[in-house]
Amino acid sequence: MQSLGPAATRAAGTDSGADGMEVTRLRAQLDQLQAEREALRWAAGHDELTGLPNRRLFHERAPSLVDTARGALLVIDLDGFKPVNDTYGHDVGDAVLAAVGGRLAAWAGNHLVARLGGDEFAAVLTLDDVRAAVGLLAEAIAAPIPVADKQIIVTASIGVAPVGPGARVDELLRQADQAMYRAKRWHHPPGEARVAWVGEPPPDANPKSRARRFVELIIEPGRRCDPVAPEPRFRPGDRIWVHRGGDRCPGVVEAAAQEAVTARYRRTDGPGTVVDTVWMEYVSRRTDTDPHLDR
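Position 47, counted from 1, in the sequence shown is what my numbering calls 47; the numbers after and before it change by one each time, with no gaps.
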């Protein structure tokens, strides 16, 4: 049997070390390619800003969920988002959308929730008490969102379509979308979501009953706020009172539309300010000076 000399032994060791280094390099390259593949797969089915499933992934997962005897499909559209985006810029708007996406994900848990695009979202709930879940969703969205030195408030219009055996996702989306737009046309107290169920009439179709409810909402025992006469026009910078929950809060108009204003107003429970979109019924002109707001 022939033995290797010292030089041959060193050469063999060098070749073995080179092979080991090459194997390590190839494994690292393979791990990187697999990570890139997983990242691409995730990006194809998720919204980059909120991390929620996107429209494509929603349509892949929803069909198996709506073919059941319990639950509902929801279409959720934010109220008051466009004025915030227009007034404070897309960075603030993106921060608001990211915060809403986080709240939707926490609310949904194991249920499916997705961002369809813009400020529109969708969800499929497979549970018995959908009404209670929708109420919790409305509260979660309406909580103030801290962005920089502001507290932004957006609410939601929600359309709800009950699911059922043999239900089709595209048809449920169409029905829930129509219900959502029907809800969006209703006036409602600031900070409250509007929810419309497919097949159910609106809760306040009578304008007179809507006015009576408004008077009841802004008057609490021992704390009276006079009913508000809608103003024909507001401009950015106008001083206003925002009537909320029995309080009259001093505010300033940030942006104005025909039926609503985006206002920055002082909270009654502290020195901070809130940015909110408010219907004209809940806004009146202010002549008093507030050093915290007026400059």
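The beta carbon of each residue, even a glycine, is placed where N, CA and C say it ideally should be.
Please determine, among the options, the residue with the shortest C-alpha to C-alpha distance to residue i.
i: A260; options: I76, G272 and P236; result: P236
i: P162; options: F121, R55, A72 and G102; result: A72
i: H90; options: A123, V130 and G118; result: G118
i: P250; options: I240, A132 and A256; result: I240
i: A99; options: D79, T87, A140 and H46; result: A140
i: Y88; options: I152, F121 and P63; result: I152
i: V92; options: G166, R286, V130 and I145; result: I145
i: A255; options: V278, R70 and H59; result: V278
i: V253; options: A138, G45, Q32 and P83; result: P83
i: T273; options: D290, R286 and L33; result: D290
i: G166; options: D47, T126 and A69; result: A69
i: A106; options: F81, V130, L137 and D128; result: L137
Quick one: using the 10 Å Cβ neighbour count with 16 as the cut-off for buried, is residue i buried or exposed?
i: P230; result: Confidence is the limiting factor: at P230 the pLDDT is only 47, short of 50, which leaves the residue's position unreliable, though a coordinate-based value still follows. Result: exposed.
i: V23; result: exposed
i: A18; result: exposed
i: T262; result: buried
i: G101; result: buried
i: T287; result: exposed
i: R132; result: Checking the displayed sequence, the identity of residue 132 turns out to be Ala instead of Arg. Exposed, by the Cβ-count rule.
i: M180; result: buried
i: D47; result: buried
Keeping to the same chain, check which residues put their C-beta closer than 7 Å to that of residue i; ignore five residues upstream and five downstream.
i: V228; result: Reliability fails at V228, whose pLDDT of 46 lies under 50, so the model's placement of it is uncertain and the value that follows must be treated cautiously. So the qualifying residues of the chain are H243, E281, Y282, V283 and S284.
i: A114; result: L52, P53, N54, R55, L57, F58, F121 and A122
i: L172; result: V66, L73, A161 and V163
For residue i, which residues in the same chain have their Cβ closer than 6 Å to its Cβ, ignoring the five residues on either side in sequence?
i: E120; result: D77
i: V160; result: A72, L74 and W197
i: G199; result: none
i: D31; result: none
Note down, in chain order, each residue of its chain lying with its Cβ closer than 8 Å to the Cβ of residue i, except the 5 sequence neighbours on either side.
i: R194; result: D79, T155, A156, S157, I158, A183, K184, W186 and H188
Please check the pair residue i and residue j, which I expect to be a contact at CB under 8 Å, by giving their CB distance rounded to whole angstroms.
i: V147; j: A62; result: That pair is no contact at about 31 Å.
i: V303; j: R266; result: Within the shown structure, residues of the chain are numbered from 1 to 295, placing residue 303 beyond reach of any answer.
Length at least 4, wholly inside the region 75-114: the alpha helix (DSSP H) runs in chain order = 81-88 and 90-108
Output the residue ranges of the beta strand (DSSP E) runs that lie fully inside the region 230-291 and measure 3 residues or longer, sorted by chain position.
-> 239-244, 247-256, 260-266, 273-279 and 283-285
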